[in-house]
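Asks: Mind looking over this structure? Questions follow.
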């Protein structure tokens with residue numbers, strides 16, 4: 493039963509892949525527009541990346557090199573499972589190296605290493621509709637997109653400033669794509685929003701439960717919404733990564749003990765490992781070679 | 724004042740299957756004029772209002788509106804995008820139940836500011852200053868600006884709804900029983916406020932009400948409807964003091980005298 497012949501290549505049948513590819517092409521043709529598609533049942537629960545997996549399955553070929561990250565990490569359950577899944581059903585090469593991957597499926601981060609032309613970033617999206625929490629009716633939100641009525645999106649940002657004195661939205665920060673559609677960039681931290689702007693990589697978004705696919709083609713304008721007197725800004729961190737001393741990267745807080753001990757480390761594990769291999773050391777990094785450190789992923 | 728009407732309605736009818744919603748209604752509305760539509764429940768006045776505000780499409784008839792550029796546009800031939808744009812800029816719609824016209828889960832300030840943001844205002848400070856100004860004009864204290872309308876009384880909600888509609892400086896406001904469900908002292912203050920705003924801003928308004936006292940206070944002209952048809956129309960004082968149609972006479976004599 494471990495035979496690859498048990499499955500069609502990349503798990504989905506060819507008709508389904510064809511249908512999803514058509515949705516992807518339409519999404520690319522209309523940047524930021526949510527294309528409905530007939531989402532399939534996948535061998536994983538909704539919320540675990542069924543949309544992203546279907547998109548990846550539809551575009552992956554035997555020569556592709558796949559990287560999967562979950563909150564920036566290559567070594568968490570979701571990332572490891574999806575990577576193992578495609579290794580099994582498509583027999584493709586997998587990697588944790590951002591630069592050599594041709595397809596990167598991601599849950600809620602964009603890698604720190606700049607993406608290049610020819611790479612495809614596949615986002616897993618829980619709720620594709622940026623207006624959903626303000627307007628519950630799908631018929632109405634579709635009309636609002638069609639007529640470009642986006643005042644409501646700013647109502648949300650207004651509420652943030654009124655309540656917190658600043659735009660407190662830190663993830664799933666709404667963007668306008670190519671001056672037309674307002675889009676939810678999936679729950680990536682807003683730190684990653686500027687990376688989407690005119691990115692040379694193709695960015696695809698799949699929402700399995702909500703049955704929507706959307707896309708940002710390479711070199712497309714992606715502008716975060718804001719107010720003139722409260723401009724968009726990304727998170728800043730007042731200390732570098734505790735392991736690799738990287739600055740201007742997105743950091744995760746890691747609790748070390750139950751006495752309040754904690755450290756901030758790169759959320760992008762691949763980036764952090766590469767820097768340590770290059771000899772960068774943070775203030776909590778062990779002096780030994782990082783490969784022998786037990787915090788490293790067991791690959 | 725210009726000598727052209729703001730809204731021209733001609734032979735407007737709306738049928739629900741074989742039932743009559745409103746039948747063959749024609750009138751002109753002039754800038755700055757308040758027209759009351761009165762009648763008992765089921766007389767078709769809300770149907771008429773919904774047709775005029777393009778929330779419903781009529782079965783037949785036309786209505787044309789003089790846009791800000793002075794050109795008349797046929798309402799039912801405009802695209803949906805144009806109608807919705809008109810609805811949030813040049814028009815207002817005050818619902819009987821404020822919950823229908825407000826976003827109950829966002830703050831009062833955002834409720835007032837939404838229309839400004841919808842027409843492209845992107846300066847938080849200015850939006851907020853405008854919201855503060857409008858809240859004070861409808862007698863809501865400034866320190867309530869960040870409260871949700873859920874925390875407001877019925878009268879405050881209605882005043883907030885009015886502020887939300889008037890913030891873009893509309894020229895025509897539709898009101899469906901604006902004082903319905905409010906107690907008499909609150910009604911009186913709301914009417915006073917509405918009358919002041921309408922006069923100050925030179926608004927034209929079409930007010931649907933079954934309350935003849937509201938019509939008397941707010942409107943200059945009045946249409947009486949019965950079974951979907953207009954049975955009498957004229958200056959408000961004339962209609963109320965000297966009703967001619969039998970139904971109007973019945974309506975006027977039905978007012979409780981206290």
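Chains as they are written, first to last, in the numbering used here: chain D, 493 to 791; chain C, 724 to 981. Quick reminder that beta carbons are idealized off the backbone N, C-alpha and C, glycines included.
1) Taking the alpha helix (DSSP H) that residue 772/C belongs to, which residues open and close that run?
2) Give every residue of the same chain whose Cβ lies closer than 7 Å to the Cβ of residue 978/C, excluding the five residues on either side of it in the sequence, and list them in chain order.
3) For residue 869/C, which residues in chain D fall below 8 Å Cβ to Cβ?
4) Under 8 Å, do residue 586/D and residue 578/D count as touching if we go by C-beta distance?
5) Looking at residue 644/D: is its Cβ nearer than 8 Å to the Cβ of residue 804/C?
6) If we cut at 8 Å on Cβ distances, does residue 605/D have a partner in chain C?
7) Can you find a CB in chain C that lies within less than 8 Å of the CB of residue 525/D?
8) Excluding the 5 residues preceding and the 5 following residue 684/D in the sequence, name in chain order all residues of the same chain whose CB lies nearer than 8 Å to its CB.
9) Relative to chain D, which residues along the segment 828-839 of chain C have a C-beta separation below 9 Å, given in chain order?
10) Where residue 719/D and residue 849/C are concerned, what is the direct C-alpha to C-alpha distance, given to the nearest angstrom?
11) Need the endpoints of the beta strand (DSSP E) that residue 814/C sits in, please.
12) Determine whether the Cβ of residue 721/D lies closer than 8 Å to any Cβ atom of chain C.
13) In the DSSP assignment, find the unbroken alpha helix (DSSP H) run with residue 767/D in it and report its ends.
14) If we require 4 or more residues per run, which alpha helix (DSSP H) segments fall completely within the segment 871-914 of chain C?
15) Whose C-beta lies closer than 6 Å to the C-beta of residue 604/D among residues of the same chain, with five residues either side of it excluded?
16) So is residue 592/D buried or exposed if we call it buried at 16+ other beta carbons inside 10 Å?
17) Just checking, does the segment 857-868 of chain C make contact with the segment 891-911 of chain C on the three C-beta pairs under 8 Å criterion?
18) Would the beta-carbon of residue 966/C fall within 8 Å of that of residue 975/C?
19) Which residues does DSSP pair with residue 750/C in a beta bridge?
20) Taking only three categories from DSSP, how would you classify residue 699/D?
21) If you measure between the beta carbons of residue 611/D and residue 543/D, is that distance less than 8 Å?
22) Could you check if residue 691/D is buried or exposed, using at least 16 other CB atoms within 10 Å of its CB as the buried criterion?
23) Could you tell me if residue 712/D is buried or exposed, where buried requires 16 or more neighbouring beta carbons within 10 angstroms of its beta carbon?
24) Where residue 721/D and residue 845/C are concerned, what is the direct C-alpha to C-alpha distance, given to the nearest angstrom?
25) Within a Cβ cutoff of 6 Å, which residues of the same chain sit near residue 926/C, ignoring the five residues on either side of it in sequence?
26) For a contact meaning CB atoms closer than 8 Å, what does residue 647/D contact in chain C?
27) Let me know the secondary structure DSSP gives residue 743/C once reduced to three states.
28) For residue 804/C and chain D, any beta-carbon pair shorter than 8 Å?
29) What residues match up with residue 848/C in a beta bridge as DSSP calls it?
30) Taking Cβ positions only, does residue 510/D come closer than 8 Å to chain C?
31) Any beta-carbon of chain D closer than 8 Å to the one on residue 847/C?
32) So, with DSSP's three-state summary, where would you put residue 794/C?
33) Is residue 869/C closer than 8 Å to residue 817/C when the C-beta atoms are compared?
34) With a cut-off of 8 Å on the beta carbons, I'd call residue 668/D and residue 717/D a contact; round off their distance for me.
35) Rounded to whole angstroms, how far is the Cβ of residue 707/D from the Cβ of residue 519/D, which I believe are closer than 8 Å?
36) Which word fits residue 748/D, buried or exposed, when buried means at least 16 other C-beta atoms lie within 10 angstroms of its C-beta?
Replies: Reading off the structure:
1) Here residue 772/C corresponds to residue number 49 of the second chain, with the count starting at 1. That run of the alpha helix (DSSP H) goes 768-775.
2) Indexing the second chain from 1 puts residue 978/C at position 255. Same-chain partners within the cutoff: 935.
3) Position 146 of the second chain, counted from the start, is the residue given in the question as residue 869/C. Ordered by position in chain D, the residues that pass the 8 Å Cβ test against residue 869/C are 654, 655.
4) Within the first chain, residue 586/D is the residue found at index 94, counting from 1. Within the first chain, residue 578/D is the residue found at index 86, counting from 1. Yes, the pair counts as a contact, with Cβ atoms nearer than the cut-off.
5) Looking up residue 644/D in the first chain gives position 152. Looking up residue 804/C in the second chain gives position 81. Taking 8 Å as the Cβ cut-off, residue 644/D and residue 804/C do not qualify as a contacting pair.
6) For the purposes of this step, residue 605/D is taken as residue 113 along the first chain, with counting starting at 1. Closer than 8 Å: no.
7) Counting from 1 along the first chain, the entry for residue 525/D is found at position 33. Residue 525/D does not count as touching chain C.
8) Residue numbering aside, residue 684/D sits at position 192 when the first chain is read from its first letter. Only 601, 602, 677, 742 meet the Cβ criterion.
9) 828, 829, 830, 832, 833, 834, 836, 837, 838, 839
10) On the first chain, position 227 is the one that residue 719/D refers to. On the second chain, position 126 is the one that residue 849/C refers to. Computed Cα separation, rounded: 11 Å.
11) The residue given as residue 814/C occupies position 91 in the second chain. Taken as a continuous stretch (DSSP letters only), the beta strand (DSSP E) holding residue 814/C covers 814-817.
12) Walking along the first chain from the start, residue 721/D turns up at place 229. Chain C contact via Cβ: present.
13) On the first chain, residue 767/D is found 275 positions in, with the first residue counted as 1. Taken as a continuous stretch (DSSP letters only), the alpha helix (DSSP H) holding residue 767/D covers 761-769.
14) 877-889
15) Mapped onto the first chain, residue 604/D falls at position 112. Same-chain partners within the cutoff: 741, 760, 763.
16) If you number the first chain from 1, residue 592/D lands on position 100. Its Cβ having fewer than 16 others within 10 Å, residue 592/D is exposed.
17) no
18) Sequence index remark: in the second chain, residue 966/C carries index 243 (1-based). Sequence index remark: in the second chain, residue 975/C carries index 252 (1-based). Contact flag set, yes.
19) On the second chain, position 27 is the one that residue 750/C refers to. Answer is 732/C, bridged to residue 750/C.
20) Here the question's residue 699/D lines up with position 207 in the first chain. The answer is strand: DSSP assigns residue 699/D an E or B state.
21) The residue labelled residue 611/D in the question sits at position 119 within the first chain. The residue labelled residue 543/D in the question sits at position 51 within the first chain. In this structure, residue 543/D does not lie closer than 8 Å to residue 611/D by Cβ.
22) Position 199 of the first chain holds residue 691/D. Buried: at least 16 other Cβ atoms inside 10 Å.
23) For the purposes of this step, residue 712/D is taken as residue 220 along the first chain, with counting starting at 1. Per the 10 Å Cβ criterion, buried.
24) Taking the first residue of the first chain as 1, we reach residue 721/D at position 229. Taking the first residue of the second chain as 1, we reach residue 845/C at position 122. Distance between the alpha carbons of residue 721/D and residue 845/C is about 8 Å.
25) Working through the second chain from its first residue, we reach residue 926/C at position 203. Excluding positions up to five away in sequence, the list reads 896.
26) Here residue 647/D is taken as the residue at index 155 of the first chain, counted from 1. 826, 829, 833, 836, 837, 840, listed in chain order.
27) Residue mapping note: residue 743/C aligns to position 20 of the second chain, counting from 1. Strand.
28) Along the second chain, one-based indexing puts residue 804/C at 81. It does: the Cβ of residue 804/C has a partner Cβ on chain D nearer than 8 Å.
29) Here residue 848/C refers to the residue found at position 125 when the second chain is read from its first residue. Looking at the DSSP assignment, residue 848/C forms no beta bridge with any residue, so it has no partner.
30) The residue given as residue 510/D occupies position 18 in the first chain. Not one chain C Cβ lies under 8 Å of residue 510/D.
31) Residue mapping note: residue 847/C aligns to position 124 of the second chain, counting from 1. Judged by the 8 Å Cβ criterion, residue 847/C is in contact with chain D.
32) Locating residue 794/C in the second chain gives position 71, where the first residue counts as 1. Reduced to three states, the DSSP call for residue 794/C is coil.
33) For the purposes of this step, residue 817/C is taken as residue 94 along the second chain, with counting starting at 1. For the purposes of this step, residue 869/C is taken as residue 146 along the second chain, with counting starting at 1. No, Cβ-Cβ distance for residue 817/C and residue 869/C is not below 8 Å.
34) Within the first chain, residue 668/D is the residue found at index 176, counting from 1. Within the first chain, residue 717/D is the residue found at index 225, counting from 1. About 6 Å separates the two Cβ atoms, so the contact holds.
35) Your numbering for residue 707/D matches position 215 in the first chain. Your numbering for residue 519/D matches position 27 in the first chain. With a Cβ gap of about 4 Å, residue 707/D and residue 519/D count as contacting.
36) By one-based count along the first chain, residue 748/D stands at place 256. By the neighbour-count rule (16 or more Cβ atoms within 10 Å), residue 748/D is not buried but exposed.
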